[in-house]
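Taking it in order: structure first as structure tokens, then the write-up.
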Amino acid sequence: MSGGGRVQGLSRSCILLIVIAGMERFAFKGVASNLVTYLTDVVQMSNSSAAKTVNSWCGFTSMLPLLVAPLADSFWDRYSTILTSSFVYVLGLGAVASTATIWTWSPPSNKSSPAFLFWSLCLISLGQGAYNPSLQAFGADQLDHDEELPSSKDDKSSNKKSLFFQWWYFGVCSGSLLGVILMSYIQDTFGWILGFAIPMFAMITSVAIFTCGNRIYAYKPDKSIDSKPFQNILQVIKVTASKLVDGRIRINLPDDKSDVGELELQEKPLCDQKFGSNGGFDGNPRNKTYLLENAKIVLRLLPIWAMLLMFAVIFQQPATFFTKQGMTMKRNIGRNFKIPPATLQSAITLSIILMMPLYDKVLIPITQIVTRNQKGITVMQRMGVGMFLSIIAMIIAAVVETKRLEISRKMSSLESETVELSIFWLLPQYVLLGISDIFTVVGMQEFFYNEVPVRMRTMGFALYTSVFGLGSFLSALMISVIEALTSSGGRQSWFSDDMREDGLDKYYWLLALASTLSLLFYAIFSKFYTTKSELENGNCK
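Structure representation (structure tokens):
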């Protein structure tokens, strides 16, 4: 494998790609973390409209990989996809920066101005949709053991993958932390032109660094690029559906015994079907059983995928309503300095950076003793713990918001909207969400990476990001529905622009309740879920 030097068991190419991923997060968070403030203060949107816009954009950004990843898996190699998408990404960042430049001299006064901003954000979404999953899959390709073979190397390979995903998320969070703290301060202090230009130049620099690493990357030969796995899976689904319509539910399995197998969602693969280099069953990608098994692998993930959506909804709150909450609280440090509310999002990434080493050095050894499992806790258990912590975070957020409203409603309407409650009361909910990320987000990356065939690993990362994409849309939908219901009859909605009259505390309680139900169903589905490695090993004994 290329790239000789090792740090923490990872190659130089892995480490370089982790740094590049951190720079991309710096650029993205530099735009996204304070976007709700830009929309309310510069574009003059209402609080609810700005929150829905940010949620919809984040959702669109996270869902796009589902559309782009199949194309990358079928037609392009990952290196070319990264270079092409990074150009679109930089173009989008430049377009957003241009809106700040134009509106500094001529404030937006018609519908075309916000429309231009929206299309600029869409360019960022399109670039990131191909860039992120391809970059992470390319990074995982640098690992020594990247084959889905049921061998004795499984534990060692699994541990190395876990190490890679943890350090990848560490790098991503470090970039996010710097983006949130530095860019929020620059945007609030020096203006939006500089605040949007710096992320653009950071992305340009990361692309230059990426191209400079050509000689140390491991390029995996892609022997199955003509097989077009995503198209073939759709073809199999179409053929299967036509057979169901015709009343022919059975298919012939291509083995020596000519057995007839029932088409079931949870059907286990036969051991005598060899595992090919693609990670599917039977090395021939045009074999119908191979295609069917790959399609079934993706379908088996859907119940788990769906139960993670409420975690993704909670994930949207720091960049929207948590930030608007903070704007009404006491933010002074000393006489002259005020904390930009968006910088509190850095508490999430800072807690991840500080707690990640403790996860490996303290929590894992303890759980190894308790569970007698080499990994301490399984990936499924890890995601469940994070979901539970996110529920606790929302309960704390509801309690703090209730207290803020009590103080605010006692104040005169002529007084400032700022309440005598320190913004640092919001810190516990931010920190808990950060700790929950260590469990759930890292676990999701490893889970979806391991549960899809090797040839579809870009698609695996797209499934992971799509959780947050659909979660963003679900969050925007919830806001629209709740706003319509609570504002009927002339009442103030839960998302009123008057922060003295809003009902965010009720909204947070609702999220906590919905997330609890999701966690219960997740636990049920996890109990009956069989991982792909268990299927492989269990059928080949």
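Residue numbers (mature numbering (1 follows the signal peptide of the UniProt record, and there is no 0)): -25 to -1, 1 to 516.
Positions of the beta carbon are idealized from the N, C-alpha and C atoms, including for glycine.
Item, Value
"Endpoints, beta strand (DSSP E) assigned at V394", "394 to 397"
"Within 8 Å, strictly: CB atoms of F414 and V360", "yes"
"6 Å CB neighbourhood of L(-9) in its chain, flanking five on each side removed", "G114"
"Span separating the alpha-carbon of G(-4) from that of G154", "10 Å"
"Close-in-space but distant-in-sequence residues of the same chain around K502 (CB under 6 Å, 5 per side omitted)", "none"
"Cβ-Cβ separation, F286 to M362 (assumed contact under 8 Å), whole Å", "5 Å"
"Other residues of its chain near Y13: CB distance less than 7 Å, five sequence neighbours each side excluded", "W167"
"T15 versus N22: straight-line alpha-carbon distance, rounded", "7 Å"
"Proximity to S149 [Cα-Cα], best of N30, L274, Q343, F1", "F1"
"For A172 and F72, believed in contact at Cβ under 8 Å, the rounded distance", "Checking the sequence shown, residue 72 turns out to be Ala, not Phe. That belief holds up - the Cβ atoms of A72 and A172 are roughly 5 Å apart, short of 8 Å."
"Spatial distance of L401 from Y106 (CA atoms)", "33 Å"
"Given S61 as reference, the closest of L333, E(-2), Q420, D412 once Cα atoms are compared", "E(-2)"
"Proximity of F185 and I57 at Cβ, strictly below 8 Å", "yes"
"Separation of R190 from V375, as counted between CA atoms", "53 Å"
"Anticipated Cβ contact below 8 Å, I398 with I314, distance rounded", "6 Å"
"In DSSP terms, what K305 is bridged to", "S397"
"Residues that K313 bridges to, as DSSP identifies them", "N307"
"Close Cβ partners of L319 (< 8 Å) along its chain, the five nearest in sequence each way excluded", "P293, F297, T298, G301, I398, L401, L402, Y405"
"Nearest candidate by alpha-carbon position, reference N30, set D412, M453, I323, L495", "M453"
"F436 versus D116, S151, S24, residue with shortest Cα-Cα distance", "D116"
"8 Å Cβ shell around I371 - same chain, five flanking residues per side excluded", "P403, Q404, L407"
"Among T342, G104, M20, nearest to V43 - alpha-carbon criterion", "G104"
"Alpha-carbon to alpha-carbon, R466 and residue 522", "Residue 522 lies beyond the range of the chain shown here (-25 to 516); nothing can be said about it."
"Under 8 Å between C-beta atoms of K136 and E421", "yes"
"N189 (DSSP reduced to helix, strand or coil)", "helix"
"Candidates R310, Y482, S37, of which the one nearest A373 by Cα", "Y482"
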